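Each remark here refers to the structure printed beneath this line.
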Amino acid sequence: MKPVEMVAPATGALELEIMGMSKRFGDVVALDDVSLHIPAGGFHALLGENGAGKSTLVKCLVGFYTADQGTVLVDNREVQIANPKDASQLGIGMVYQHFTLVPSMTVAENLVVARGALPAFINWHEERARLSDFMATLPFKIPLDKPAGSLAAGEKQKVEIIKQLYLQRRLLILDEPTSVLTPDEADEALGLVGDLARQKLLTVLIITHKFREVTAYADAVTVLRRGRFAGSGALPELTIEHMAEMMVGSPVAQDVAPRTQHTPVADVPPRLLIDQLCAQGDHGLPVLRGVNLSVRPGEILGIAGVSGNGQKALVEVLTGQRGKTGGTVLVNGLPYSGRRKEQTLNKVYSLPEEPLRNACVASLSVAHNMSLRNYDKPPLARWGWISQRAMRKQANGYVETFRVKTPGIDARIQTLSGGNVQRAVLARELSHPVELLIVANPVFGLDFNAVAETHARLLAARNAGAAVLLVSEDLDELLELADRIAVMSDGRIVFETPAEKADVRELGHYMAGGHEETEVMQ
Amino acid sequence: MELTRRFLPLVEAVGIPVMALLVAMLLFAGFVAAVGQSPLEVFVLLYKGAFGSSFSWQNTLLRAAPLILTGLAVAIPAQAGMVIIGGEGALALGALTSAVAASALQGASPHWVQAGMLLSGALCGGVWIGLSGWLRQYRGVNETIGSLLLSYIAIALLNFFVEGPLKDPASLNKPSTAPIGDANMIGNLPGMDVHYGLLFGAIFALVTWVILKFTTVGFALKTVGGNPRAAQMAGLRVNYWIVGAAFAGGSAAGLAGAIEVAAVQGAANASVVAGYGYAGILVAFIARQNPFAVIPVAVLIGGINAAGGMLQRRLDMPDATVLVLQGIIFVVIIASETLNGRLRLIKFKPLSPVSAAISAKT
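Protein chains in written order, with my numbering: chain A, 1 to 522; chain B, 1001 to 1362.
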């Protein structure tokens, strides 16, 4: 076995082979004898449900974990990757679902700092020149002098990818890199990476839940299930159904959630009416500039838009996490500001994005988190006294009905996987009669079984008469679920259409700020 | 297995502070040996001075009474996610206002005077720490620093009024406010040489513990402290809860100040600023912010304080010796906080062949 330093420095795509890799955490086998081969310049997709071991595998590969067993070969030489530094020397880099940029530093500073081993005195003139040359080779335009924290999610992810390219990686591991990107942004990012792979400058290993990206970009697929190898194949021979089958282990019923026909929504007064809503962002700049919309009972209104156009602030205002600076929000005709009384009165529930951050108390138990909506109402509480027994009974019921995988209802909710946190929140928000449901990117990072289940539950709520406001950056999701689609751009609703008449190109036009041209023309 | 999992939090909650205390004792033993004393002798004297006789027990409990309340001044805001260290100031202000209330209520029956003193002291301490909660929520001022700075102001205010406008001309050596009068002093618990303040503190702690553990108020507070965003989503008005928790904590410290005046000093003067507020921080951290655990921990720390005199008399060691011990305990306790949730790791850490190979190589 050769220590890393002795591997001759090389450039261009590398060939990767993993043989018999295993990793245990205590009693849990996260990865069991998994092998994988990617030729130089390959674009390999790693598929699997939540908790299938994909993240463990790549974390072993970049040296965050040390595998218990198994061999890694780079360009047919055995290498030992004991820490991230070793991986970095081999030219292996990773782009995560979550961002690793320093928010307070500019993009340029982030890129330079990532190089490591900086001199005590940085010649910024030289660095800028080098950066500009490098940026000129990219199809992206990224403002080098903006603080990374002020960029929208899509832009941040581009910077993460650019950072890896700037560091001259030979193998790029992408861990659900597009979960925060619009389809166009995703195509831009993955297209760039794909071109580099075709030119044999980069080998790519991508973890994703989006079959569209797999079929469009990958040339081979490996599927994991419960920590084990579950199948592999080359594209385009492999079909989506086939991949899905390998992931779940049995043919998937396509109609988990039969889409009820677009029944015409009854012409009743809106349950949610938003008029000229304005709000400021974290830095005091206006992010909502007069939003007007209405949702009627039994209707899903989908809000489409490129991330960073005010959708997040809209959801925050509606869930009481951000104050408004102007306009009105009426629920059932009454002013609504998200207080507990108003929520109870109007049966308002919500599924915000990033449930662990926005809808759960990470350090408290699953049972506690499941009681957040009704901890102060019978049977959970009487006269201010909480019944632990009732709380546990409710939690056990939720765990069973929504199939939440948890070590127990007393476990801290942060120990659950992302999909199961989402299930816990779904259980809490959808187990009672719902009149108004505020939803934002509900399937962010979920495997497709969980996606189907979540979608089915949203439709069920709608069919039961709830008014649903669904904010999503995934246009396909909106087209599948919504009755009406509104496009949000620059803090306003700029376009609205019934879903059955929606034209993707038209929506895309408005998402990209097309209304501004129209305004000028008028 | 199920049993260990169920009791692990308890084992952790008790085990980690106890381990930290033992480590701190060990370090203190090193310090004692370094200054040329026998650690064993010092520990024996510490025990005797704190819990060795009924006299030392009473001395200990006398000191534990304010420590329970100043410990709560840290532990209650901690439930809402705040680190408040300004208990000393709230105590000083509580002492000052209670003395003012006593002079305003002169002539009323002793019970009314006492009630007025305790209530006004608690109210004033509550407002003071509540102010640092308000500054945090509405002005973005870090509550730890805010409460500490407010504490300095409060102590300065006490000194200003005691040595200036409110000074009793009869108090020559030690400037004080006018005495509240012997008839208005809070008496001792039956059969003990310890005043009722101990009982008030213990009741305050127990009521707090019950509220936090069994009521919707405690549930909401834990939610606000754990994740304000989730609390907002659940419709809770986070700002009110934060300021309210700061107020409740401050009122405990203010009450401690009022009790010091009404039961011990008989007037407000600089003697009430005796470090109880700061020792309360230590109490709350050892108790891991659990209001119930604050009671025994306050007794323990009160005991260490009480034993200082004994060390001075027998070994000619300065009074500050026990402060060194307290300081060591504080550092070790804070350092041990990172062990939370890791007890399992220590037990199960597997040695993988790969990492074994690496460690063999280096």
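Here a beta-carbon is modelled for each residue, glycine too, at the ideal position from N, C-alpha and C.
Because the structure is a prediction, the values reported are computed rather than measured.
At least one CB atom of chain A sits nearer than 7 Å to the CB of B:Met1233.
Taking 7 Å as the cut-off, the beta carbon of A:Ser294 is found closer than this to the beta carbon of A:Leu273.
At a beta-carbon threshold of 7 Å, the residues of chain A lying near B:Phe1214 are Trp385, Ile386, ordered along the chain. Listed along the chain, the chain B residues whose CB falls inside 8 Å of the CB of A:Ser350 are Met1233. Given a length threshold of 4 residues, each whole run of the alpha helix (DSSP H) inside the segment 1241 to 1295 of chain B is given here in chain order: 1276 to 1286. Per DSSP, the unbroken alpha helix (DSSP H) holding A:Asp86 starts and ends at 84 to 89. In this structure, DSSP gives A:Arg492 an extended state, which the three-state scheme calls strand. In summary, no residue of the segment 1007 to 1037 of chain B has a CB separated from any CB of chain A by less than 7 Å.
Within chain A, the residues Tyr375, Ile386 have their CB atoms less than 7 Å from the CB of B:Phe1219, given in chain order. For the pair of segments examined, the segment 1248 to 1261 of chain B was found to touch the segment 1120 to 1129 of chain B: the number of CB pairs separated by less than 8 Å reaches three. According to DSSP, residue pairing for A:Leu301 in a beta bridge involves A:Leu469, A:Arg484. Only residues of its own chain outside the window of five on either side were considered, and among them Leu1045 have a CB closer than 7 Å to the CB of B:Arg1314, listed in chain order.
Residues of the segment 317 to 336 of chain A with a C-beta less than 8 Å from any C-beta of chain B: Thr319, Gly320, Gln321, listed in chain order.
A:Tyr510 sits in a helix when the DSSP states are folded into three classes. Scanning chain B for C-beta atoms nearer than 9 Å to the C-beta of A:Ser232 yields nothing, as the closest lies near 25 Å away. In this structure B:Met1310 is buried. Its beta-carbon is surrounded by 16 or more other beta-carbon atoms within 10 angstroms. In the DSSP assignment, A:Gln69 forms a beta bridge with A:Ser22. Take the alpha-carbon of A:Ala411 and the one of B:Ala1262: they are about 47 Å apart. Counting the other Cβ atoms within 10 Å of the Cβ of B:Arg1063 gives 16 or more, which makes it buried. Those residues of the segment 1243 to 1254 of chain B placed with their C-beta closer than 7 Å to a C-beta in chain A do not exist. The Cβ of B:Thr1223 sits closer than 7 Å to at least one Cβ of chain A. DSSP places A:Leu277 in the strand class (E or B) of the three-state scheme. DSSP, read as helix, strand or coil, puts A:Gly419 in helix.
Per the C-alpha coordinates, the member of A:Leu165, A:Thr178, A:Ala114 positioned closest to A:Asp195 is A:Leu165. Here A:Trp385 is bridged, per DSSP, to A:Arg382, B:Thr1215. Taking C-alpha positions only, B:Gly1266 is separated from B:Pro1165 by approximately 18 Å. Remark: fewer than three beta-carbon pairs, one from each stretch, lie closer than 8 Å, so the segment 228 to 246 of chain A and the segment 199 to 208 of chain A are not flagged as touching. Around A:Asn358, the beta-carbon contacts reaching into chain B at under 7 Å are Arg1229, Ala1230, Met1233.
Residues of chain A with a Cβ closer than 8 Å to the Cβ of B:Gly1187 do not exist; the shortest Cβ-Cβ separation is about 34 Å. Annotation: Cβ neighbours of B:Gly1226 in chain A (cutoff 8 Å, chain order): Val361, Ala362, Ser363, Leu364. Cβ atoms of A:Leu430 and A:Arg457 come within 8 Å of each other, at about 6 Å. The three-state secondary structure of B:Ile1203, taken from DSSP, is helix.
Close partners of A:Ala381 in chain B (Cβ separation under 7 Å): Thr1216. For B:Gln1079, the CB contacts under 8 Å within the same chain, skipping 5 residues up- and downstream, are Leu1212, Gly1218, Leu1221, Lys1222, Gly1225, Ala1245, Gln1289 in chain order. From the listed residues B:Met1082, B:Ile1242, B:Thr1097, the smallest Cα separation to B:Val1113 is found for B:Thr1097. Burial is judged here by how many other beta carbons sit within 10 angstroms of a residue's own beta carbon; A:Glu500 has fewer than 16 and is exposed.
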